[in-house]
Each structure stands twice: as structure tokens, then as C-alpha cells.
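Here the protein sequences come in this chain order: A and B. Per the working numbering, residue 1 is the first one in the first sequence, and the count goes up by one each step. Per the working numbering, residue 188 is the first one in the second sequence, and the count goes up by one each step. Note that the Cβ used here is the ideal one computed from N, Cα and C, for glycine as well. Because the structure is a prediction, the values reported are computed rather than measured. Taking it in order: structure first as C-alpha cells, then the write-up.
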Amino acid sequence: MQVTKLKVHPGLNFDQYRALPGLSYSGIKNGDFVPTKKMMLGTAVHNYILEPEKYNGANRELVVPIARVLLFQIGELVKHMQSEVSVTCNMEHAGLSMQYKGRIDLIRPGRLIVDLKVSEMPLGKSIDHFGYGNQLTGYCLATNTPTGIIIRVCPKTLNTEKALIRQNPGFWERQVLKYGIPENIAI
Amino acid sequence: MNLTPIQSGWIKLADIKTALFDELQRAELAVQDYMNGIEGNPLDVVQHNIKSAKQVMADAKSKRLEFTRMIDEKLITPATAFEKRMAEQIEQAAAIELEMRKQAAENAEKQQAIANETAALKAHIVNEWFRIAAQYRHELERVTLESYQNCLKEKHPTHSIPAMVQDMKRILNAWNLPEFQKFERKLVSDGLAKEIYDSIEKYNPADDLETAIKNISIIWSTYANDLANADVAIESIEKHKQIAEMAFEMDLEFETATNALIAEAEMPIVETPKVKKEIKIKVDETEQCAKTIVSNFVRLWPYVNQYVRVKSWTKLTIGQMADALAKHINETGNIIPGIETIEVCK
């Protein structure tokens, strides 16, 4: 697997990110979907922590305690990392090329990516169930960052857990085989 | 047809029951007779009838008790004895299971504590090598630039550049590595600590020293130019040093936090058997204890009423009040003065 034409798009909002060309992990996995209430809570927490100017105050009584727990877990790192970074690149494998896009919660390029999850499901289960490992592997491959960590907070108990993602490019190689086009005609 | 002793016993019992119920029905009818039209009779007749009815009822009760006591002694008590013995055995086994679970939970907690300390030790060693390397590089650069600044300040002549460079090389060669900070180890064994230490790549300062020594000649190569405008050069170097200092501190902070996060994320989670701990109230068979429970139950009624479930308020017991107070304590963690509690594991 090779990554070319990496481009970081600073300051994009979510709609601008969605308009970027390329396939994201959630696009591959879910296609077009209507977010559930639980997903909306996660988005609100993300906004509150990473883009506070975009947080509209919804579910504040739930959002703030969850955000506090996550911020405590991230600690000093938050001031050394870029947040909500949109990236695009070409993933190349077996002579095929696929445009990829991802939106990364927190990144220090070349060193560390941190993905925040608000979920009742323990990571031991959800990494397999939702393929979080594949999602983070995509971010790491695209940005040539060796370490990806998920921090999860349970919205009910406010318990947290962390998982270091073992990168397995196999998932993305299969996606390139499925969605890629020959490199000589790729954009 | 020949009946077994048990079968004939049951038939006899049925006969006895039928005879008893006939007798009880007759007694009921007799009481009805005494009570019929009682309002129309004179007081002494009413009193006599009530007395007679009570006597009939008492006789009926004693006959009923004779029968039901026999059922109880010969049937119910021996039959329930099986359950009681089974329940006792299960209770004993459950107590053993609870002890085993508590022990397993304690062991799991100890293992988790060791795993936590192991992760912290790993992070410490990785961070220390990073800090030592970063600090060493930073110090080599700082001391070189400070010496250069001093040379400019003291306006050493340009013909002594080779001597200054040699001096600088001697200083850098003698420069010590920062010390490895001690980790307060309590649980990780010596063997495991050594294994962890050996598994982490050590910092080798040779390359950094070589680079720093090469840089000396590069830095002093512009000495003549800088000496021509020493104040500007000194100020510029000072700014560079400050920026380098800030970058060093930020890198160190980021890397330390990153390594700590990685260590936490890699830390194995030991499966801990669940031991539910619950607060119960110690209820003594004393008037004082009963009064304390009742008074607190009434005082805390707005909080404890949610825990009270009774079919009849007149049958609300001290035990039920104590249970409601215990639930309140479990929920809030509050302490109730005068109430003695015990922790029960389940």
C-alpha cells in the first residue's frame, strides 16, 4: 500500500469536508445514513471539545460532563495537536488507486493520532463491531502517522478506556481493489 | 384392592378432614344461630349468646388446630426439611463461592495494580531516554552557543578561533549525560523491571556528540563576521536559544504525554470477578436501636419513602425501615448518626 498526493485541508467545517472528493471509512461502511440520537450526542461532544465555537448548546447537561472526562484523559496533548483535520490522499495498491478522505479528531502528524469515541460499547467489542481499527488505520496510513489511539467514554457511567490500534492495511488494500481505478487514469 | 400404608394413611386423612370440616361447619351454623336476631333480644340474652358463640368457636379452633398441627408435624415440617437441608448446603456453597470470588477479585486487583505499574515503568523508561536524549542535544547546542556568545562578548581575536574550537570540543566531550530519574517501584519485581528496562532501546549519545562537535567548526566559521557586529549577533543567538528552549520544553511535554497515553492504551485489563458490596444496617434487639431506626426513618421520610413497599402500613416493621435507610445510604453514601452499618459482599 502506498499513499500519494496527501493534502491537508485546514479549517474545513464538516459540510465542506463531506464535499471533498474521495471515500471515507464511514462512507464505505455506512453510505448515506441518518444519524441516531446516540451519534448526535457523540457529535455534540466532539464539537464541544474540538470546535467549541460550533457547539450549539444541545444536551449541555450530558455533553459537558462527558467532554470534561475526555479532556482530562487527553490532558496536555490537546495543546500540542491539531484538531478536526481533514485530509485527502490517493491510496495505491496492486496498480490501482483510490481517492481517500478522512477527518481526524486530533493529530500530531508523523507521531500520534487520537480518536475520541462516545459509546456505551466497550472497545474490545466495538473495534471489531464498528471497525474502528480500520478507520484509524486509514487515518494513520494517509498521514504516515505510526500511532493511533482511541479514547472512549461511556456516556452513562463516564468510565473511560483507551486502545492502541494495531495497524492492518489489509482492509484498505481490499477497498483499493474494490473501488480503485488504474493508476495511469487516476486523478 | 390392597392399599399401601401410605395410600391407606391418605384415605384416613381424607376421612378425618371430611369429619372435621363437617364439625367446623356445624360450629359455624351454631354461631349463626346464636347471632340471629340478636338485636331484638334483651342485653343478658345477647351477652349469653356471645359467650356461648365464643365457646363454640374456641372448641372449633382447638379441633382445627389438632388437625392442622398433625398435618404440620407429620407432613409440612418433614416435607420442608428437605428444602431446608438443600438450602443450607447451597448457602454454605454460596458462602464458599463468595469467598473464592472475593479472593479472585483481590488477586485481579493486585494483578491490575502490577499491570498499571508495569505500564507506568515502561512509559517512565521510554520518557527518560527521550528526555535524556533531548536534553543532552539541547545542552550541547546551548553550551556551544553560550560559549560562542561569551567569545563574542569578550571579543576574542579571530586568530584564536582554532583554540576556541578546540576548547569547545574539549568541553562537549566532557559534557555529562543528564541523570536517569528513579522510578518509585513498589509492585514490579526486580526481574521484570530488568526485563522491561532491557526491552527498551537505550539512548546512545555518540551520534549526537559527533554532530555537535562537527557543528562547532560550522558555528565558528562565521566568527569573524559576527565579531564585526557582535551585539547584533549576540542578541540574535539569544533569541535562537530562547526559541530552542521553548521547542525543547514543548517537545518534551508532548512526548511525555504521548508515551504515557500509549502505555495506558497498551495496558492489559485484568478481568475482575464482580463482588457487589452493599451497606446493611446493624439491627440490635434493643429498644434504643428500634427508636434510632424509627426516628431516622421518620426524619428522612422524603428520601426513604421511595424504598418502602408494603401491602399494609400497619405491618411496616423496624426491619423494613432499616432496609429503606440502608438503601438510602447505599444510594447517597450519607452517614446517619447513631446508625451502625455493616458492609455485606454479594
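Contacts between B/T445 and chain A, judged by CB atoms closer than 7 Å, involve L77, R111, L112 in chain order. Within chain A, no C-beta atom comes nearer than 9 Å to that of B/A513; the closest sits roughly 23 Å away. If only uninterrupted beta strand (DSSP E) runs of at least 3 residues are considered, those enclosed by the region 443-475 of chain B are 464-468.
Contact annotation, A/T157 with A/I151: C-beta distance approximately 15 Å; criterion of less than 8 Å not satisfied. A/M1 and A/D115 have their C-alpha atoms roughly 23 Å apart. DSSP places A/G180 in the coil class of the three-state scheme, outside both helix and strand.
Shown here for A/C154: same chain residues with a beta carbon closer than 6 Å to its own, the five before and five after excluded, namely E120 in chain order.
Closer than 7 Å at the C-beta level to chain B, one finds these residues of the region 129-151 of chain A: T147, I149. Sequence-distant partners of A/V118 (beyond 5 residues in either direction) whose C-beta falls short of 7 Å from its own C-beta, in its chain, are L41, G42, V45, I66, V153, P155. Taking B/A247 as reference, the option from B/A280, B/F208, B/I258, B/I449 with the minimal CA-CA separation is B/F208. Within the region 69-102 of chain A, the residues whose Cβ lies closer than 7 Å to some Cβ of chain B are G75, E76, L77, H80, listed in chain order.
For B/F441, at least one C-beta of chain A is nearer than 8 Å to its own C-beta. For A/Y100, the pairing in a beta bridge is given by DSSP as A/L23, A/C89. In the displayed model, A/L12 falls within coil according to three-state DSSP, outside both helix and strand. Around the CB of B/Q429, fewer than 16 other CB atoms lie within 10 Å, so the residue is classed as exposed. B/T528 has B/I468 as its beta-bridge partners, per DSSP.
Residue range 393-407 is occupied by the alpha helix (DSSP H) that includes B/I403. The beta-carbon of B/E293 is placed no less than 8 Å from the nearest beta-carbon of chain A. Around the Cβ of B/W488, a 10 Å sphere holds fewer than 16 other Cβ atoms; the residue is exposed.
Residues of chain A whose Cβ lies closer than 7 Å to the Cβ of B/A452 are, in chain order, I149, K162, A163, L164. DSSP places B/R318 in the uninterrupted alpha helix (DSSP H) bounded by 264-340.
Straight-line spacing of the CA atoms in B/H311 and B/A380 works out to 12 Å. With its beta carbon at least 8 Å from every one in chain B, A/R174 lies outside the interface. At least 8 Å separates the beta-carbon of A/G133 from that of A/I104.
The beta carbon of B/N446 sits closer than 6 Å to the beta carbons of A310, V313, N314 from its chain, once the five residues preceding and following it are set aside; these are given in chain order. If you draw a straight line from the Cα of B/K426 to the Cα of A/L96, it is about 50 Å long. Counting the other CB atoms within 10 Å of its CB gives B/V485 a total below 16, which places it among the exposed residues.
The region 290-299 of chain B and the region 351-371 of chain B do not touch, with fewer than three beta-carbon pairs separated by less than 8 Å. Here B/T331 really is in contact with B/A399; their C-beta atoms are around 7 Å apart, less than 8 Å. Close to A/R108, with beta-carbon spacing below 9 Å, are these residues of chain B in chain order: F441, T445.
With 16 or more other CB atoms across the displayed protein chains lying within 10 angstroms of its CB, A/V69 is buried. With three or more CB-CB distances shorter than 8 Å, the region 343-358 of chain B counts as touching the region 408-421 of chain B.
Within chain A, no C-beta atom comes nearer than 7 Å to that of B/M433; the closest sits roughly 12 Å away. For A/G148, the secondary structure class from DSSP, reduced to helix, strand or coil, is strand. As the crow flies, the alpha-carbon of B/W316 is around 54 Å from that of B/P524.
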